[in-house]
Every structure is written in C-alpha cells, then in structure tokens.
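Residue numbers (the numbering used here): 418 to 977.
Beta carbons: idealized from backbone N, C-alpha and C, even for Gly.
The structure displayed is predicted, hence computed values, not measured ones.
Structure, rendered in structure tokens:
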C-alpha cells in the first residue's frame, strides 16, 4: 500500500472514492451496453410517465425476448400505476402467445413476487427452469420463493438444475441457506460456486450479502466497494440496491453520516429512474437511522418523503402505514401532542389495522391524551390497548401500558390503582431480571405512599435495599437513603433525615452517581431551610443548581 494512503483520514478516503466512482468516465461507460430505448424508458419512469415507459419496453421485448430487466421493469411499472388487472392480462398473454419461451415464465414469476404470491412465484420459476431457462435471475427468484413459500426441499428440482449446470445448483443451495442463515452450508456451496466462471462483480456482491448476514459489516462494505470498482455494473437498478446495502452496512458500523450519504444516493437515483420500490427501501432505512439516533427533525422530513411515494400505489400500503406511525412519533417527540393525536387518529380511521398495529395505535393515543392532560380519555385508550395486548398476547407492549396507567392514577391520587399497575410492571421486571426497572418500580411505590402511609413507603424501601444487596448494585442504595431522608423530613424527624440525606450524598460520590449527589444536595437544602439554617441551605442549593446546569456537559466529558 502506498505510504501516502496512511495520512488520508477515513472520511477523506470515502469522499475521494465516491467522487471518483461517480465522475470517472470508465465507471459510466458500461451503461452503453443497455439499449438507448431501455434507458429512455427509465427516464420516462423517472418523470412518472409509466405508461409511455411500458410502451417502449414492450417494443424492446418484441425485438429481444431474453432481455430480463425489461420484464422486471414492465411488471413494476404496471404496479406503480395500480394497473393490477392489466398487468395480469399482459403476462398471461405473453405465455399464451409464446408458451415455450421460458423468459415469459420468469416475467410472470417476478410479477407474482411483487404481489407477495410466493407459491405462484415458485411454480412459475419451476416452469421456466423446466423449459430450459437457467440464469442468475431465475435462481435468485426461485431461492427467495422457496423460502417464502416453505418449499425448501427441492430434491427433484435440484436434480434438473444439476444436470444442466452444477454451478447454478451451487448458487441455488447457497442462496436458500443464506435466507435460512445456515452459514456452514452457505460457506461450502459458495466456495464451489466461486470456483466456476462467474461475473466477478456478482461474486463480490454475493460475498458482501453473505458477510452482511453474518454481521461482518466492514468486510461486506469492502466487497460492495470492490464490486463497484470493477466498472461492469450496467443496470442503474443494481446500483441503487448496492448504494442501499452500503448505507445499511455503514450504519451498522456506527457511521451514520456515511450511511445517510449512500442511502441518499440510492433514493436520488431511484427517483431519477422511477424505481419506487427501491426508493421506499432506501427511505425506510433512513427512517430507521433517524428514529434510532433520535433525530426527530430529520425523521419528520424523511418520513414525509416516504409517505409521498408510498401513496402512489396500493401495494406500498405496508410502507405507508409504517411511515405514518413514524411521522406521528416524530411529531410526538418534538412536543406537538395535539398534531400527533390527529395523526394517530387518522391512521386508525384510514387503515383497517390488524394486531399488533391497532393495539399500538390505542397505546399511542393514550400517550397523547396523557400529555394533553386529558386523563380520562388517556385511561380509556390505554385500557383498550391493555385488553387487546392481553388478548392477542402482545407481551412486549403490556409493561409500557401498565406504567403509563400507573402514572396517570398517581396524578389522579388513586393510590390503589397506581400501586396495582406499578406492581404489575415490577413483576414483569423481576421475571426478565431488568434491574434498573425493578429499582425504578420500588422507588415509585415508595414515593407513592410518602405523606399517606409511611409504613408502606418504608416497606418498599426495605425491599429495595434487600434487592440492591442481593444483586450487588450499591449505587441503588444511594437512591434509597435519599428517599428515607425525604420520608423522615416529611415526618419532621430532622436528625434522621439529615443522616440519611448525607448518607445519600456520600454514597452518590462513592458510586459516581450524579443524580444521587444532586438529590442529596437538594434534600439537605430543603432540610436546612426548614430548620432555619439559611447559609447551609444556600450552599447545598447552589451546589445542586450548578450540577443540574452542567449535567449534560459532565456526561459528555465522562463519555469522551
């Protein structure tokens, strides 16, 4: 490796690679292998003129019935216009006119795959192979259909394929087991596939897919970039897919900016050529990145773009629902609870949702009502969500519903119901051994009874102490000492309160628990103010205020 490479930062190298890839004339040269009419059709599709694009592609197919991308684009463009009946009729007529042309069955197989009819896709792939077609596209589609339709035991079909080409049989076995994540078999048959003459770019592409499934994301990135650099990926739709794969892998290596860059490239290129499905896939990954990184401003804009595309054709319904969910959650997270409430209500009205989505909507409506202080409506929505989650065994949502109901009942001073729901969350946390949630429940239950039933408050603090000792979580003890101090302060047992609050402060320092230190200082300030020691009260108040003001900076320094 040249010495000069060592001084280039990774981000600089990435930008340099992208610039060369996009502007090097040799990179673009292989596109001329595609017919000018095919590229013209894609350009028209980018302008949303799908019918004109189909007309041109149909003429291309009349000239060359072996041009696989044409079948795929015709199928997609019928879908994007919501012309399902016309599409069915078109592919049926192809087979009727040329029943012995295996490529017609490949076209029909791809058409049925777009509608998620995987059994018919499997049957059509089988028919194409038995009529003599063996290429990369038919094997890829067959492998996907076999797994999706649960027909992975292909003994007789393997025999037919093996007799014609051991290489394609190795590819089929590789792909089926890759879908099933049986990596030992994948490695064995991919090694055999590599020994045969295959397009180098495709070997690298498949190598990248395998490593991506194995979660070896850096190795996958390397393979995808090498595939690009070979300069013989001629179909823009393949480039769009590779950009998306690179984006996903970069995100998995904690490089969100690089991920966004490649996914934006994918989305822009998909828009240029009217590739709505691939555009939605790229946008859905961008949405996930924005959601998981908490970038709700960007999430709002990304989702709006996704909604605009998904509204164009009926078979994008699942994307549309998901995007509406994410849009509502972005608006909610940005604090516009009334708007979020409207969005979630509209989702419920627009779509006939199945569970668990319908249950999640009721839960989200409950959250919005809670934030808007409409507690009775919040309880009504959350109760419905709770009943449905219990009925349909949506276990992961129940603790969130219980917690929200507990907080509402606590606000309404209904301690009996608040206790009931906090204890439900506590049992859940104990079952899955979620220590932070167990601690949180004990503190909530203890605070619930301060000034109401101090014996109950002390009981839960005793349980919390026992839990902290049993699980060797000493930093929890600081929280308990602080709450014991608050309890004694409310009971006007000032000496005991001072002992507990100082203990909380010291334990917070020992365990580096910033919140325990802040709570200890605040409690002592309140205590000294109450017993007429204003100087001491001010010292602790100033210290607590300083820590609160610098809380985020301290965390950043600690993480650096």
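As an exercise, report each continuous alpha helix (DSSP H) stretch of at least 4 residues that is fully enclosed by the region 884 to 954, in chain order. 891 to 907, 911 to 927 and 931 to 947
Can you give me the C-alpha to C-alpha distance between residue 454 and residue 491, rounded to a whole angstrom? Approximately 13 angstroms between the Cα atoms of the pair.
Which value, in whole angstroms, describes the spacing of the CA atoms of residue 438 and residue 601? Caution is warranted here: a pLDDT of 44 is assigned to residue 438, below 50, making its placement in the model unreliable, and the coordinate value is therefore given only provisionally. Each residue's alpha carbon lies about 34 angstroms from the other.
DSSP three-state call for residue 754: helix, strand or coil? Residue 754 falls in the helix class under three-state DSSP.
Hey, would you say residue 519 sits closer than 7 angstroms to residue 558, going by beta carbons? Taking C-beta atoms as the reference points, residue 519 and residue 558 fail to come closer than 7 angstroms.
When we look at the beta-carbon of residue 818 and count the other beta-carbons within 10 Å, is it buried (16 or more) or exposed? Buried, since its Cβ has 16 or more Cβ neighbours within 10 Å.
Whole angstroms are fine: how far does the CA of residue 744 sit from the CA of residue 712? Taking the straight line from one Cα to the other gives about 12 angstroms.
Label residue 769 either buried or exposed according to how many other C-beta atoms from any shown protein chain fall within 10 Å of its C-beta, with 16 as the threshold for buried. exposed
Going along the chain, which unbroken runs of the alpha helix (DSSP H) with 4 or more residues stay wholly within the region 726 to 786? 734 to 750 and 754 to 767
Taking the straight line between their C-alpha atoms, what separation do you get for residue 674 and residue 703? 11 angstroms
With DSSP run on the structure shown, which of helix, strand or coil describes residue 824? Helix.
Segments assigned alpha helix (DSSP H), at least 4 residues, entirely inside the region 625 to 691: Segments of the alpha helix (DSSP H) lying fully in the region 625 to 691: 634 to 646, 653 to 669 and 673 to 689.
Within the same chain, show all residues whose beta-carbon is closer than 7 angstroms to that of residue 961, passing over the 5 residues directly before and after it, in chain order. 935, 938, 939 and 942
Does DSSP put residue 465 in a helix, a strand or coil? coil
Enclosing alpha helix (DSSP H) for residue 867 [first to last residue]: Where residue 867 is concerned, there is no enclosing alpha helix (DSSP H), because DSSP gives it neither an H nor an E.
Work out the CA separation of residue 522 and residue 452 for me, nearest whole Å. About 23 angstroms.
Residue 811 - containing alpha helix (DSSP H), residue span: Where residue 811 is concerned, there is no enclosing alpha helix (DSSP H), given that its DSSP letter is neither H nor E.
For residue 815, decide whether its Cβ has a neighbour in chain C, counting only Cβ atoms nearer than 7 angstroms. Among the chains of the structure shown, chain C does not appear; only one protein chain is present.
Would you check if the distance between the CB atom of residue 628 and the CB atom of residue 637 is smaller than 7 angstroms? yes
Exposed or buried, residue 959, counting other C-beta atoms within 10 Å across all chains shown (16 or more means buried)? exposed
Cβ of residue 796 within 7 angstroms of Cβ of residue 825? The answer is yes: Cβ separation under 7 angstroms.
Output the distance between the C-alpha atoms of residue 587 and residue 887, rounded to the nearest integer angstrom. 55 angstroms
Three-state secondary structure (DSSP) at residue 549? coil
Give the range of the alpha helix (DSSP H) segment to which residue 582 is assigned. Premise fails: residue 582 is in no alpha helix (DSSP H) and is neither H nor E.
Along the chain, where does the alpha helix (DSSP H) that runs through residue 493 open and close? Here the alpha helix (DSSP H) through residue 493 covers 485 to 497.
Given 6 angstroms as the limit, tell me if residue 861 has its C-beta closer than that to any heavy atom belonging to the ligand COA. Ligands in the displayed structure: none, and consequently the ligand COA is not present.
Over the uninterrupted alpha helix (DSSP H) stretch that includes residue 709, give me the two end residues. 693 to 709
Mapping the DSSP letters down to three states, classify residue 587 as helix, strand or coil. helix
Would you report the Cα separation of residue 965 and residue 843, rounded to the nearest angstrom? Taking the straight line joining both Cα atoms gives about 29 angstroms.
Would you check if the distance between the CB atom of residue 539 and the CB atom of residue 509 is smaller than 7 angstroms? no
Closest by C-alpha distance to residue 814, when choosing among 845, 500 and 728: 845
Going straight from the alpha carbon of residue 735 to that of residue 771, what length do you get? Straight-line measurement puts the Cα of residue 771 at about 11 angstroms from the Cα of residue 735.
Any idea if residue 495 is buried or exposed, counting beta-carbon neighbours within 10 angstroms, 16 or more meaning buried? buried
Under 6 angstroms Cβ to Cβ from residue 515, same chain only, skipping five residues before and after it: list those, please. 521
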